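Asks: After the structure tokens below, expect a handful of questions from me.
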Amino acid sequence: MATQLAERAATTSNHPESVVVRFAGDSGDGMQLTGGQFTLSSALTGNDFATFPDFPAEIRAPQGTLFGVSAFQINFGSTDIETAGDAPDVLVAMNPAALKTNVGALKPGGLIIADTGEFTKRNLEKAKYDASPIDDGSLAKWKVLAFDISALTLESVKPFGLGNKEALRCKNMWTLGLALWMFDRDRAPLIDWLNAKFRKNPTLAEANIAALNAGHAYGETAELGGQLHKVHLDPVPSPAGLYRTITGAEAVALGLVAGAQLADLPMFFGGYPITPASSILHYLVGLKEFGVTTFQAEDEIAAIAAAIGASYAGKLGVTSSSGPGIALKTEAMGLAVMTELPLVIVNSQRGGPSTGLPTKTEQSDLYQAVYGRNGDTPIPVIAACSPGDAFECAIEAVRIATQFMTPVILLTDGYIANAAEPWAVPDPDTFTPFPARFLQVPNGPDGSLLPYARDDKGARPWIKPGTPGLMHRIGGIEKNPGTGNLDYSPGSHQAMTDARKAKVDGVAKSIPAQDVALGQSGGKLAVVGWGSTFGPIHQAVRRARAKGLDVSHVHVRHIWPLPENLGDLLRAYDKILVPEMNTGQFKTLLRDQYLVDAQPLTKVSGQPFAIAEIEEAIATYFDHVPGNAGGDDIDANPAQLPSIESSNP
Amino acid sequence: MNAIATITTTLKDWESDQEVRWCPGCGDYAILKAVQRTMPEIGADPAKTVFVSGIGCSSRFPYYMAAYGFHTIHGRAPAFATGIKLANPELDIWLVTGDGDGLSIGGNHTMHLLRRNLNCQIMLFNNEIYGLTKGQYSPTSRQGTTSPTTPLGSVDRPASPAAFALGSGARFIGRGFDVSRHLPNVLKAAHAHRGAAFIEIFQNCIVYNKDVFDDFAAPKGAEDRQLWLKNGDPMLFGSDKTGGVKGIALDIQKLTLKVVDVADGDWQAAGVIVHDVTNRSVAHMLVEMPFGPFPMALGVLYDDPRPTYEDAVLGQDAQAREGKSTDLRKLLAKGQTWTVTEDQGPLSGV
């Protein structure tokens, strides 16, 4: 979304507002690359877009298998785009397995572009097709454009003398060329990109460019039975300024760098490879000039331990992982709470439990973030709703961590981490600095040192080892309020537990009041979301409101502590629906905190919500209550209400 | 060891105001005193000294040193130390761990700190038992150790801390025991070594594993049972009073060490090895040298510095930063960008 949290009128026009294209092929076919480049091309055309890369956990799954299919979906258009789209209009299927696993999602009447060169007997068998679906009529409800992309690609790169295998690798560029023709795109930026990518091998660059041009020319010249025609989507009217594409992982890394600068601190990032969190580390290793030191630790525990060590020594400690890795870091998080040191922990959530769905998205680590530690161990939690939003959330996490001397958890998910969207490049001059301060001289009476004395926010002083005269000892054992000396007397534990809780509760005073993303502050139904469900919820609520239904969208960024006015705001609605990609965790949190009747709408398929799924749940609510249309003042007796849970997809 | 300006302190300057809470008679008291005695001698600055520990009896150590101290979580002290050192390489870090903390739950981190060669001192207090959790057997307990969890005797073979450290790539291996008057010298040598210096300190747990090291640590017969290694000196032990001077020589046929008698002080004739702290092959034999047939090898077994981890990391960081812009504005605007103009006119891609 180019701009967000604003109600927009749907535009009407004669050509489509938006188009959803899905590229699907073998994991070795380069579909992610094709999708990524098509995304850039959409950006340069000025279309708004959202993407959804969906790939298997296996690096090179056996060729042609159903589980080896890698797909990249992009929704782009001349209006604001909030999601990667529900159902594709166009499916590019590079082999039978890609067709089989993706065709079900295609809109009726949608277009299939298939590479017949790959529809061999062997590949059909691998995809568990008895007969070729191209010939047996089973694709009747869609338009099918089947031709031998493999052969056409081989023909186009013939002059370059590549081996058969290498030549076939250019298939994705041929396909991209065709897609660029279909959507009236400029090839020049792609040609520049290919020249840069294959700088060291000009032959490969030329071959790929030839394939790209051939695909484009094919669209231009071939007689395609009227099924394929050019579609032009106008640029989105966006505010003037500089834009770029950004993924969530890039945004988190940039936000952390910006946050560290605002805190006037060098950053230490401890990480351990895990999908889908590794890309943050990959990105940060290239930013050493911004005071970043990275450390690939021996395991998840060492990664957070080293980050805490760095924070103890006066840097901004950051660690990042995904569910299983976060679980391993839990004990160390407790130490960071106990020693009251700043730390940012980024969790790029994936499907769980255990190894779960490493490459698929989910929001099921909310309990883990808010409640998942031994002892009373409060940690502020922030959740990003989109790649661009992750930038701001990362800065916010650094601010809270350093100002309140506390670990902070930043939740993103696999979808946000990998997805790309256009991003209005922010002006750093508009950021408010929050420089960290270190204690330089003793702070207690008569020159004594009180490492656990608290400021008005409840935060203790940050003391760098190396500072003369401030030697002291800290640790995970309960301590005396003030001196911090080992002390587990009943009074001390009570006082320190209360102080740690009060400090984190107090973070609520420094965060914005909860607003309404779309709709009114009160009414029939609030759809309350957090994290990456923002897009589908926002669009579903927009559509429902366009039909006159009294429904509003409340999007919560600060998961812990919650905004101070959230309880009152939620009570102003008759009913609360909480769509989330778990079995109802935020719903439970809201019930727990406010005793409100929050109802879940849950999905854990590893795929983001479709707009239609949420729209349907909203409709179900209004349909089942006689006279309960938007704005009508009826007595909403909860006993009459249908269980929204029953409408789970 | 760091190139830090030395300052003048006394033993008292290193005693914190905290009441020491180890069992009366615990070997930890002697080690604490040895460390407190060593610090003034090496000219250490309390403000730049950090004691980092994990969990266990030994890990309470930082509270009793009047320096900076971080009592962390079980087994992970090496990882915390790595973060501290990379954040501020000026700090002189002493890691305090035990046989359970450093070799059981934290074996992984100990190994990686050693192979990376982080510049710090690692004191592993080996008492061959879990003390703080009340006497369960540990990874260094001898086979057959009866404990609350092994009432019939432990069956697993013990790990050798020094052999583990050397195998992990350590470039300094020292050994001593709690009440030994030589311990401060081992600590000094460890501190003088630039890189990860691993010191195994045998420590008497008087409650759960009393006097388990007496066979070599007891004053009576010590000369016969302790081989104090000194760089450049022949490996001699024993005396005429205790049945003759003996030495360690190489059995060329078996490629192992052997004990030889030294007649009339002519150790050369007996083939006794001259200790060379940089000889890694001999170090491997010394850490594996079984006590019983051989004396206990003590002192500095191995000392051959290599470039440190933090120098490599921070050096690479500095190199990567050279001549690079630190303008956040430019960073944010990197990559594929385009400009939208007020009139929604043509777009310009970059």
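Protein sequence lines correspond, in order, to chains A and L. Per our numbering, the first sequence starts with residue 1282, numbered consecutively. Per our numbering, the second sequence starts with residue 101, numbered consecutively. Every residue, glycine too, gets a C-beta built ideally from N, C-alpha and C. Predicted, not measured: the structure shown is a model, and the values here were computed from it.
Less than 7 Å between the beta carbons of P1661 of chain A and I1676 of chain A, yes or no?
Replies: No, these two residues do not count as a Cβ contact at 7 Å.
Asks: Mapping DSSP to helix, strand and coil, what is F1747 of chain A?
Replies: The displayed chain sequence assigns Gly, not Phe, to residue 1747 of chain A. If DSSP states are grouped into helix, strand and coil, G1747 of chain A belongs with coil.
Asks: Leaving out five residues before and five after T1346 of chain A in sequence, what residues of the same chain have Cβ atoms less than 7 Å from its Cβ?
Replies: Taken in chain order, the residues that qualify are A1378 and K1407.
Asks: With 16 as the cutoff for other CB atoms within 10 Å, does P1389 of chain A come out buried or exposed?
Replies: Burial call: exposed.
Asks: Using only the alpha-carbon positions, how far apart do I131 of chain L and A1671 of chain A sit?
Replies: Going from the Cα of I131 of chain L to the Cα of A1671 of chain A covers about 50 Å.
Asks: Since F1464 of chain A meets chain L, which of its residues come closer than 9 Å, beta carbon to beta carbon?
Replies: The contacting residues do not exist; F1464 of chain A stays about 15 Å from chain L at best.
Asks: On the three-state DSSP scale, how would you describe R121 of chain L?
Replies: R121 of chain L: coil per DSSP, three-state reduction.
Asks: Beta carbon of Q1318 of chain A, beta carbon of L1514 of chain A: below 7 Å?
Replies: Contact: no.
Asks: Classify A270 of chain L as helix, strand or coil using the three-state DSSP reduction.
Replies: Of the three classes helix, strand and coil, the one that applies to A270 of chain L here is coil, per DSSP.
Asks: Can you pull the chain A residues whose beta carbon is under 8 Å from the beta carbon of E442 of chain L, in chain order?
Replies: The answer, in chain order, is A1521.
Asks: Can you pull the chain L residues whose beta carbon is under 8 Å from the beta carbon of Q1313 of chain A, in chain order?
Replies: Here the premise fails: no neighbours, minimum Cβ distance about 16 Å.
Asks: For T1693 of chain A, write down the residues that DSSP places opposite it in a beta bridge.
Replies: DSSP lists A:S1629 as partners of T1693 of chain A.
Asks: In three-state DSSP terms, what is A1276 of chain A?
Replies: Chain A is shown from 1282 up to 1930; residue 1276 of chain A falls before or after that span and cannot be answered.
Asks: Look at A1524 of chain A and P1709 of chain A and say whether their C-beta atoms are less than 7 Å apart.
Replies: First, the amino acid is wrong: residue 1524 of chain A is Tyr here, not Ala. No, Cβ-Cβ distance for Y1524 of chain A and P1709 of chain A is not below 7 Å.
Asks: Assuming the contact rule is C-beta atoms closer than 8 Å, A147 of chain L and G1747 of chain A should be a hit. Round their C-beta distance to whole Å, please.
Replies: The Cβ separation is near 6 Å, so the contact holds.
Asks: Tell me whether I1818 of chain A sits in a helix, a strand or coil according to DSSP, three-state version.
Replies: Three-state result, I1818 of chain A: helix.
Asks: Do you know offhand how far L213 of chain L's Cα is from P1771 of chain A's?
Replies: The straight-line gap from Cα to Cα measures roughly 38 Å.
Asks: Got a sec? Which residues, its chain only, sit under 7 Å from G1803 of chain A by beta carbon, not counting five neighbours each side?
Replies: Closer than 7 Å at Cβ, skipping near neighbours: A1853 and Y1854.
Asks: So the beta strand (DSSP E) A418 of chain L belongs to, where does it begin and stop?
Replies: A418 of chain L -> not in any beta strand (DSSP E); alpha helix (DSSP H) instead, spanning Y409 to R421.
Asks: Kindly indicate if chain A contains any beta-carbon less than 7 Å away from that of N217 of chain L.
Replies: No, N217 of chain L lies away from the interface with chain A (no Cβ there is under 7 Å from its Cβ).
Asks: Can you tell me which residues form a DSSP beta bridge with E1339 of chain A?
Replies: E1339 of chain A pairs with nothing; no bridge assigned.
Asks: For S1351 of chain A, report the span of its beta strand (DSSP E) as first-last.
Replies: Element bounds for S1351 of chain A: V1350 to G1358.
Asks: Can you give the beta carbon distance from G1632 of chain A to E1643 of chain A, rounded, assuming they're within the 8 Å contact cut?
Replies: About 4 Å; that satisfies the 8 Å criterion.
Asks: Are the CB atoms of V387 of chain L and A262 of chain L within a distance shorter than 7 Å?
Replies: Cβ atoms of A262 of chain L and V387 of chain L: closer than 7 Å.
Asks: Who are the near neighbours of E1621 of chain A in its chain, counting only those whose CB is closer than 6 Å to its CB and skipping five residues on each side?
Replies: Here the set comprises M1686 and R1741.
Asks: Short of 6 Å in beta carbon distance, which residues of its chain neighbour Q1795 of chain A, apart from the five on each side in sequence? Order them along the chain.
Replies: Closer than 6 Å at the Cβ level, and outside the excluded window around Q1795 of chain A, lie P1844, N1846, L1847 and L1850.
Asks: When you compare the CB of T1574 of chain A with every CB in chain L, is at least one pair closer than 7 Å?
Replies: Judged by the 7 Å Cβ criterion, T1574 of chain A is in contact with chain L.
Asks: Since I believe F151 of chain L is in contact with D167 of chain L (beta carbons under 8 Å), could you give me their beta-carbon distance rounded to a whole number of angstroms?
Replies: In the sequence as presented, Asp is not what sits at residue 167 of chain L; that position holds Ala. With a Cβ gap of about 6 Å, A167 of chain L and F151 of chain L count as contacting.
Asks: Any idea what DSSP makes of K1790 of chain A, helix, strand or coil?
Replies: Three-state DSSP puts K1790 of chain A in a helix.
Asks: Could you check whether A1586 of chain A and A187 of chain L sit closer than 7 Å to each other, using their CB atoms as the reference points?
Replies: No.
Asks: Which residue or residues does DSSP assign as beta-bridge partners of S254 of chain L?
Replies: Beta-bridge pairing links S254 of chain L to no other residue.
Asks: For T1315 of chain A and A1700 of chain A, I'd like the C-alpha separation in whole angstroms.
Replies: Approximately 14 Å between the Cα atoms of the pair.
Asks: CA-CA distance, E300 of chain L and L401 of chain L?
Replies: Looking at the two C-alpha atoms, the distance is approximately 11 Å.
Asks: Where are the beta strand (DSSP E) runs, 3 residues long or more, that stay fully inside the region 346 to 372 of chain L, in chain order?
Replies: As far as the region 346 to 372 of chain L is concerned, its whole beta strand (DSSP E) runs of at least 3 residues are 346 to 351 and 356 to 361.
Asks: Could you name the residues of the same chain whose beta carbon sits closer than 6 Å to that of S158 of chain L, not counting the 5 residues immediately before and after it, in chain order?
Replies: Correct list, in chain order: V196, G198 and F225.
Asks: Measure the C-alpha to C-alpha separation of R1826 of chain A and Y1902 of chain A and round it to an integer number of angstroms.
Replies: Their Cα atoms are separated by approximately 14 Å.
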